[in-house]
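*Asks:*
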Amino acid sequence: MKIIRISTLPGYEEWKDNAKSCLLDYIPPSSIAWKDINEPQDELFAGIKSKKTPPSSPHKPVLKVPKSFVELAQTACCHKDPERFSLLYKVFWRINFENRKLLSQSLDDDIILLNKMIKEVRRDSYKITAFLRFRETLYEGKEHYVAWYEPFHYTLERALPFFTKRFRNMNWSILTPYRAAHWDGENVLLQDNPDPSQVPDEDRIEKYWLTYYAGIFNPARVKKSAMLAQMPKKYWNNLPEAKLIPDLLHNSEAKAREMIDKIKA
164 MKIIRISTLP
174 GYEEWKDNAK
184 SCLLDYIPPS
194 SIAWKDINEP
204 QDELFAGIKS
214 KKTPPSSPHK
224 PVLKVPKSFV
234 ELAQTACCHK
244 DPERFSLLYK
254 VFWRINFENR
264 KLLSQSLDDD
274 IILLNKMIKE
284 VRRDSYKITA
294 FLRFRETLYE
304 GKEHYVAWYE
314 PFHYTLERAL
324 PFFTKRFRNM
334 NWSILTPYRA
344 AHWDGENVLL
354 QDNPDPSQVP
364 DEDRIEKYWL
374 TYYAGIFNPA
384 RVKKSAMLAQ
394 MPKKYWNNLP
404 EAKLIPDLLH
414 NSEAKAREMI
424 DKIKA
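Position one of the sequence shown corresponds to residue 164 (the working numbering), numbered consecutively onward.
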């Protein structure tokens, strides 16, 4: 059994180099144990040599896959499932030795699982742009905006083009549990394992934002199930306005009735 530990996050480039090497050596998916950086060391199979198993097909691997697979693999590597590398190598192997058009087989079990990962990563990437909130601080006497966000996958880098375009005239930092991104108006600097204490608890703008949010909250249009579907509670830790939501929901029915009574009067 060949053990390959991917030591980077999200890990696409490292996975790609190892996957190419293994494919050229005809090492089948069943003979490789892929590990990500968060998995414990496992020496159980360390002394077992992997067997090279040339496929029955006479052609050699050409290491050529559809362009769409590259994008899918880059996205899937952002998923937190430790099995993502194994799945990608299995699909990579099958494209080369079984079916060049495997990605179009939407009912294939491996493709179903791969597409599920892709969907979850893309959704998580969007949630960063929707639910991240900056707080104002000072750095070297200048305004600097800092945000702490806890994505469910390794999706910070995927969201950066949105922030560098939307807030290109601001100096800002986005901190996540695994990596931070710092923008100076021209370049992005990435930093591993940032210190969350760098994020201020609140800023001078936040109280105005909370007042505004409470003011625009329309009790007559509240649909709790729909709201939770779009903004699940697992994201509330990233939102300063989340502290207002329980009371706003609790009082929404009474306020809605009050609005109706005023209309009828």
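Even for Gly, the Cβ is constructed at its ideal location relative to N, Cα and C.
Does the separation of the CB atoms of F232 and I169 fall below 8 Å?
*Replies:* no
*Asks:* List, from N- to C-terminal side, the beta strand (DSSP E) runs of 3 residues or more that fit wholly inside the region 165 to 209.
*Replies:* DSSP assignment within the region 165 to 209 yields the following whole beta strand (DSSP E) runs of 3 residues or more, N-terminal first: 165 to 168 and 195 to 198.
*Asks:* For the beta strand (DSSP E) containing D355, name the first residue and the last one.
*Replies:* V351 to D355
*Asks:* Suppose the cutoff is 8 Å on Cβ atoms and the five residues either side in sequence are ignored; what does the same chain contact list for V228 look like?
*Replies:* Around V228: F255, I258 and N259.
*Asks:* Using CA atoms only, rank isn't needed, just tell me which of L251, K328, T171 and L226 is closest to L187.
*Replies:* L226
*Asks:* List the endpoints of the continuous alpha helix (DSSP H) containing A343.
*Replies:* Taken as a continuous stretch (DSSP letters only), A343 belongs to no alpha helix (DSSP H), being part of the beta strand (DSSP E) at R342 to W346.
*Asks:* Nearest to V351 by CA position, among E299, Q361 and M333, is which residue?
*Replies:* M333
*Asks:* Residues bridged to S360 by DSSP?
*Replies:* The partner list for S360 (beta bridge, DSSP) is empty, contrary to what the question assumes.
*Asks:* My guess is that D273 and K253 are in contact by the Cβ rule of under 8 Å, so how many angstroms apart are they, rounded?
*Replies:* Going by Cβ atoms, the distance from D273 to K253 rounds to 6 Å, so yes, they are a contact pair.
*Asks:* Quick one, are the C-beta atoms of V362 and R263 less than 8 Å apart?
*Replies:* no
*Asks:* Rounded to whole angstroms, what is the Cα-Cα separation between K396 and A405?
*Replies:* Cα to Cα, the separation comes out at about 9 Å.
*Asks:* Spatial neighbours of D287 within its chain, please: C-beta separation below 7 Å, excluding the five flanking residues on both sides.
*Replies:* P314, F315, H316 and T318
*Asks:* Checking the sheet assignment: what are the DSSP bridge partners for L338?
*Replies:* W311 and A343
*Asks:* Give me whichever residues DSSP pairs with T300 in a beta bridge.
*Replies:* H307
*Asks:* Does the beta-carbon of E261 have 16 or more other beta-carbons within 10 angstroms, so that it is buried, or is it exposed?
*Replies:* exposed
*Asks:* With a Cβ-Cβ cutoff of 8 Å, do L338 and A310 count as a contact?
*Replies:* yes
*Asks:* Hey, could you find the ends of the alpha helix (DSSP H) R331 is sitting in?
*Replies:* Segment: none, R331 is in no alpha helix (DSSP H) and carries neither H nor E.
*Asks:* Quick check on DSSP: helix, strand or coil for K243?
*Replies:* coil
*Asks:* Could you check what DSSP says for L391 in three-state terms: helix, strand or coil?
*Replies:* Helix, per DSSP.
*Asks:* What residue range does the alpha helix (DSSP H) around F263 cover?
*Replies:* Residue identity differs from the one stated: residue 263 is Arg in this sequence, not Phe. From DSSP, R263 is part of no alpha helix (DSSP H); its letter is neither H nor E.
*Asks:* Specify the secondary structure class of K227 as computed by DSSP and reduced to three states.
*Replies:* Three-state result, K227: coil.
*Asks:* Helix, strand or coil for S249 per DSSP?
*Replies:* helix
*Asks:* Just to confirm, is the Cβ distance from Y312 to L323 under 8 Å?
*Replies:* no
*Asks:* Can you tell me where the alpha helix (DSSP H) holding L277 begins and where it ends?
*Replies:* D272 to F294
*Asks:* Would you mind sorting E306 into buried or exposed? The rule is 16 or more other CB atoms within 10 Å of its CB.
*Replies:* exposed
*Asks:* With a Cβ-Cβ cutoff of 8 Å, do I281 and A239 count as a contact?
*Replies:* yes
*Asks:* Return yes when the Cβ of E202 is within less than 8 Å of the Cβ of P245, no when it is not.
*Replies:* yes
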